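The structure appears right after this line, and notes come after that.
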Amino acid sequence: MTDPSENAAPRSTSEIGSFHAHVYYDPATTRLEAERLRGWIGERFSVTLGRWHDVRVGPHDQAMFQVAFARQIFSELVPWLMLNHGRLSILVHPNTTNPRRDHLTDPLWIGSPLALHGEKLPEEAATEQAVPPNTNPVFRP
Ligand code: ZN
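Positions in the sequence shown are counted from 1; adding 400 to them yields this note's numbering.
This is how it looks when you write it as structure tokens:
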């Protein structure tokens, strides 16, 4: 048996419409830390900060907020999150046409990986493109 993927061409990063970083926290113990990180992000990066979800939502197993960002932001934001996530876990995933694969197979974790409920995600969807940022950065990262 040969591996069916053996002769396949590699996937192109042009599949990626945008990225999400999901910042997880515990409402009882680490919400203040999450608030501080969210403030720091907003002061430094042109991104779209999502609503607070103090209860579990979608495939996520803990409270979290979402940071949506354009491909061009990745190389500044992700290394900065690696250095500044503190005790928080962060899931960084691409947005392609397969949200389940984006979250379960292809993401990277900063901090400790957490459970995800991938069965709640479709395997086919429109690629999410970056939306206009809602931050006004004043500091360099
Ligand atoms: Zn996401």
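In this text, a Cβ means the ideal position worked out from N, Cα and C, and glycines have one as well.
All values derive from a computational prediction rather than experimental measurement.
For residue j and residue i, the rounded distance between their alpha carbons
i, j, result
"residue 478", "residue 509", "10 Å"
"residue 536", "residue 520", "33 Å"
"residue 408", "residue 491", "28 Å"
"residue 512", "residue 525", "28 Å"
"residue 488", "residue 494", "20 Å"
"residue 501", "residue 417", "14 Å"
"residue 539", "residue 527", "31 Å"
"residue 499", "residue 461", "16 Å"
"residue 450", "residue 518", "20 Å"
"residue 457", "residue 415", "26 Å"
"residue 505", "residue 523", "12 Å"
"residue 514", "residue 472", "27 Å"
"residue 431", "residue 441", "15 Å"
"residue 476", "residue 469", "11 Å"
"residue 463", "residue 412", "32 Å"
"residue 485", "residue 423", "9 Å"
Sheet register partners of residue i (DSSP bridge)
i, result
"residue 418", "495"
"residue 469", "419"
"residue 463", "425"
"residue 504", "Residue 504 pairs with nothing; no bridge assigned."
"residue 521", "Partner(s): none; residue 521 has no beta bridge."
Where the alpha helix (DSSP H) containing residue i begins and where it ends
i, result
"residue 474", "474 to 484"
"residue 437", "431 to 444"
Beta strand (DSSP E) segment containing residue i, residue limits
i, result
"residue 488", "Premise fails: residue 488 is in no beta strand (DSSP E) and is neither H nor E."
"residue 450", "448 to 453"
Best match in the options for proximity to residue i [C-alpha to C-alpha]
i, options, result
"residue 420", "505, 541, 466", "466"
"residue 454", "434, 471, 441", "434"
Are at least three pairs of beta-carbons, each pair with one atom in the segment 522 to 539 and one in the segment 435 to 445, less than 8 Å apart? yes
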